[in-house]
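There are 2 protein chains.
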Amino acid sequence: MADVHTTRRARLRDRCAATGVTAALVTGAANVRYLTGCAPQGAALLVGPGPEDTLVHLRPPPDDDPEQGQPPDDLRSVVLPSPDGDAAVAAAELAREQRADSLAVEEHHLTVTRHRALRTVTEGIALTDLAGAVEHLRLVKDEHEIAALRIAAEIADQALGELLESILVGRTERHLALELERRLVDHGAEGPAFPTSVGTGPHSGMARHLPTDRRVEEGDFLTVRLGARYRGYRCEVGRTFVIGTAPASWQIELYELVFDAQRAGREALAPGVACRDVDRATRQPLIAAGHTEGLAPWTGHGVGLEIDEDPRLSPAAMGKLDACVPVTVEPGVHLPGRGGVRIDDTLVVRPPADGGPELLTITTKELLAL
Amino acid sequence: MADVHTTRRARLRDRCAATGVTAALVTGAANVRYLTGCAPQGAALLVGPGPEDTLVHLRPPPDDDPEQGQPPDDLRSVVLPSPDGDAAVAAAELAREQRADSLAVEEHHLTVTRHRALRTVTEGIALTDLAGAVEHLRLVKDEHEIAALRIAAEIADQALGELLESILVGRTERHLALELERRLVDHGAEGPAFPTSVGTGPHSGMARHLPTDRRVEEGDFLTVRLGARYRGYRCEVGRTFVIGTAPASWQIELYELVFDAQRAGREALAPGVACRDVDRATRQPLIAAGHTEGLAPWTGHGVGLEIDEDPRLSPAAMGKLDACVPVTVEPGVHLPGRGGVRIDDTLVVRPPADGGPELLTITTKELLAL
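Quick note, the sequences are listed as chains A and B, same order.
0 is the number of the first residue of the first sequence in numbering that gives the first Met the number 0; add one for each residue after it.
0 is the number of the first residue of the second sequence in numbering that gives the first Met the number 0; add one for each residue after it.
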């Protein structure tokens with residue numbers, strides 16, 4: 000049986016062949032990892048033009064680092080002669096030596112300066128745009144990938160659950176974020192999936208708030224968004240709590256609104272459903288309640304080797320969901336000066352016959368008063 | 000007195016005018032921060048063509064976040080209409096409306112895809128390369144910047160000092176790294192300056208080792224490299240220790256070698272000295288001892304708003320040091336399978352009349368047995 004990475008590279012070759020391109024140069028780090036199973040820093044992958052693919056990198060990752068992994072056996076591995084060099088340029092030179100007549104490159108990852116350096120070593124070769132071809136292959140996950148996401152979600156749920164049992168009043172957003180990240184690692188994560196967001200009081204409910212030195216106070220909303228990285232796969236979970244004995248009525252009202260919106264989004268997930276329709280299901284209750292200002296441009300997105308992948312759940316999104324696509328559903332409302340609510344889950348799209356969307360992040364969504 | 004950021008933008012204008020360019024579009028995040036004092040996510044700065052400069056961004060940073068700061072009053076601030084849009088494209092449209100006839104962009108930051116989007120909205124305007132013009136302005140630091148670096152270094156020294164007083168044997172690289180990052184924040188850092196590196200046993204002495212689950216063992220070398228971020232400024236300090244009561248003779252020998260190389264590098268720092276000569280002073284003792292394989296391509300680099308800035312201290316580096324340029328001196332030797340030693344300081348280049356290089360990271364460089 001072919002190695003899973005070999006199969007993925009074969010699919011990329013088929014895609015290139017269909018557009019008349021003889022070789023592809025992959026430089027996006029998550030794309031290299033998806034196609035090879037390893038991610039040495041600064042690596043570039045040449046797929047084609049010959050039967051053998053080549054990974055050019057600075058140095059092999061250490062033997063015992065499961066996070067970076069080792070190159071598979073059927074992949075030629077070339078260590079860059081100068082550690083100051085650009086692996087993409089060296090890989091492009093290889094393509095020329097192997098008489099590629101066209102080379103598709105990832106124009107959305109390469110800077111103009113690096114692209115120019117590639118052109119100088121590929122005279123006579125047509126440089127084309129590989130665009131999001133590898134990202135497209137990454138959309139639908141296999142069961143090994145979903146298993147990794149499931150473990151990542153369990154770890155994030157555990158870290159969040161432990162935080163809820165500790166004293167929160169008086170602690171800063173920055174410290175709570177650091178404690179969550181330590182707990183993620185305690186439970187087996189390779190690290191946080193993204194910078195942990197903790198927002199208290201007026202910062203609660205914001206989409207991508209970075210922790211400050213503000214301290215948690217009685218009566219605050221507290222919004223937490225965190226995720227674990229496990230075997231390279233990243234999930235996210237976000238919850239909003241209220242600090243103190245009893246939430247104010249505006250807090251209860253706002254919470255119920257966002258909760259309903261999030262449930263509507265989750266329930267809309269199914270294979271064949273348009274991404275924009277999931278966004279509308281999530282967004283509509285918020286707009287109907289008059290929260291038109293300051294809504295995020297998306298209400299969810301794919302997750303995998305990156306925390307923010309295709310598909311996008313947004314009003315302008317094209318395309319439909321497939322089975323085995325993991326996405327977040329994460330509506331939120333932020334009232335300037337007062338704060339707000341965000342609720343964020345990672346789910347896997349599954350057909351109704353399989354029980355519908357699989358919820359990976361199972362921390363309760365009741366409004367807890369902590 | 001003009002605001003420091005206004006003065007910096009005036010210097011950039013002068014530089015553009017000297018090359019016949021009427022407007023500049025700055026997209027590198029550290030460059031935007033240097034020129035405006037604030038760093039909203041995804042911001043783009045248009046300098047010229049009119050007398051007023053414009054910052055285009057998604058939303059203003061929160062009022063109470065000193066890390067991101069607030070735009071200065073003499074800067075026009077434009078919030079991007081669509082939060083899904085590209086601030087650089089919106090800024091380029093402004094340049095066209097203001098009848099710029101040329102626009103210099105940062106080709107080393109922009110992807111080919113974004114550059115193409117800029118071209119579509121700048122018909123009739125010559126797009127040129129701003130290259131490293133802003134990075135060049137950032138080379139020599141003023142005393143406010145150096146004061147921030149000095150505090151960042153103090154914080155890193157404190158975090159490292161506390162770690163040395165704790166029990167290390169049996170703990171994993173990952174946990175030690177997280178504990179160091181928590182201590183950085185405890186002592187007032189905005190966060191780590193870069194991912195903290197902790198390498199034990201065979202991982203010790205590696206240039207950019209990422210922490211694994213390996214546990215500290217008796218007899219190990221332990222290499223730690225960390226830094227604090229303070230007002231956006233980043234320093235670094237790296238030390239190697241030995242675990243247990245008495246180092247082995249190969250450990251003492253290797254440590255002394257790297258220590259001597261690092262001292263030679265520090266002592267070579269002075270205004271007017273070629274960067275490559277500092278590199279040679281640091282590198283030569285290692286090569287003379289037969290360690291030619293696997294040496295890093297640089298033995299030091301500038302620090303500031305980014306952890307890895309100009310100048311580079313490497314064999315191929317062009318240019319000379321100036322006074323008030325902060326750099327690292329960080330030689331290391333790694334013996335595959337056995338481990339090694341790295342010693343890393345941040346210093347500010349000062350003329351001999353001012354006492355020579357100013358050492359910011361003052362943690363002892365004696366070989367400590369922990």
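From the three backbone atoms N, C-alpha and C, an ideal C-beta is built for every residue, glycine too.
Being a predicted model, the structure only gives us computed values, none of them experimental.
Contact holds between the stretch 41-55 of chain B and the stretch 73-83 of chain B, because three or more Cβ pairs, one in each stretch, are under 8 angstroms apart. Between A/P330 and A/T298 the beta-carbon gap is near 5 angstroms, inside 8 angstroms, which marks them as a contact. Any Cβ of chain B closer than 8 angstroms to the Cβ of A/V184 would place that residue at the interface, and such an atom is present. Taking CB atoms only, A/T110 has a neighbour in chain B less than 8 angstroms away. Sorting B/V78, B/D321, B/A263, B/H174 by C-alpha distance to the C-alpha of A/A188 places B/H174 at the top.
The beta carbon of A/L334 sits no closer than 8 angstroms to any beta carbon of chain B.
Under the Cβ distance rule, A/D156 does not count among the residues neighbouring chain B, no pair being separated by less than 8 angstroms. Within the stretch 170-248 of chain A, the runs of alpha helix (DSSP H) that reach at least 4 residues and sit entirely inside it are, in chain order, 172-185. Close to B/H174, with beta-carbon spacing below 9 angstroms, are these residues of chain A in chain order: R181, V184, D185.
Residue contact with chain A for B/L177: present (Cβ-Cβ distance below 8 angstroms to some residue of chain A).
Around the C-beta of A/P70, 16 or more other C-beta atoms lie within 10 Å, and the residue is accordingly described as buried. Residue pairing by DSSP places B/T127 opposite B/A103 in a beta bridge. Distance check between B/Q261 and each of B/S81, B/S248, B/G237, B/H208 places B/G237 closest, using alpha-carbon atoms only. Here A/V184 has G190 as same chain residues with Cβ atoms under 8 angstroms from its own Cβ, once five neighbours each way along the sequence are excluded.
Under the DSSP assignment, B/H333 falls in the beta strand (DSSP E) whose first and last residues are 331-334. If the five residues before and after A/V133 are omitted, its C-beta is found closer than 8 angstroms to the C-beta atoms of L11, V25, G27, N30, Y33, L34, E105, all from its own chain and listed in chain order. Burial state of A/Q250 is buried, judged by a 10 Å Cβ sphere holding 16 or more other Cβ atoms. Contact annotation, A/A152 with A/T360: C-beta distance approximately 5 angstroms; criterion of less than 8 angstroms satisfied. A/P325 is bridged by DSSP to A/V347.
In the DSSP assignment, B/R341 falls within the beta strand (DSSP E) that extends over 338-341.
Contact with chain A is found for B/E106, since one of that chain's Cβ atoms lies less than 8 angstroms from the residue's Cβ. Put simply, the stretch 271-279 of chain A touches the stretch 320-327 of chain A. At least three CB pairs are less than 8 angstroms apart. Against chain B, the CB of A/H114 has a partner CB under 8 angstroms away; the residue lies at that interface. Remark: fewer than three beta-carbon pairs, one from each stretch, lie closer than 8 angstroms, so the stretch 190-208 of chain A and the stretch 111-126 of chain A are not flagged as touching. With contacts defined as CB atoms closer than 8 angstroms, A/L268 and A/V223 fail to qualify as a contacting pair. The stretch 258-319 of chain B is shown to contain whole alpha helix (DSSP H) runs of 4 or more residues at 274-287, in chain order. Each of A/L367, A/T112, A/A22, A/D85 was checked against the Cα of A/F258, and the nearest Cα belongs to A/L367. The contact set of A/S313 on chain B, defined by CB atoms closer than 9 angstroms, consists of D83 in chain order.
The DSSP-derived three-state label of B/R75 is strand.
Residue nearest to A/F240 within the set A/H143, A/A90, A/P296, A/V197 is A/V197 (criterion: CA-CA distance). DSSP, read as helix, strand or coil, puts A/L369 in coil. When the Cα atoms are used, A/H333 and B/A125 turn out to be separated by approximately 42 angstroms. At the C-beta level, A/A23 and A/G47 come within 8 angstroms of one another.
Secondary structure at A/A151: helix, using DSSP grouped into helix, strand and coil. Rounded to the nearest whole angstrom, the CA to CA distance from B/L221 to B/L209 is 13 angstroms.
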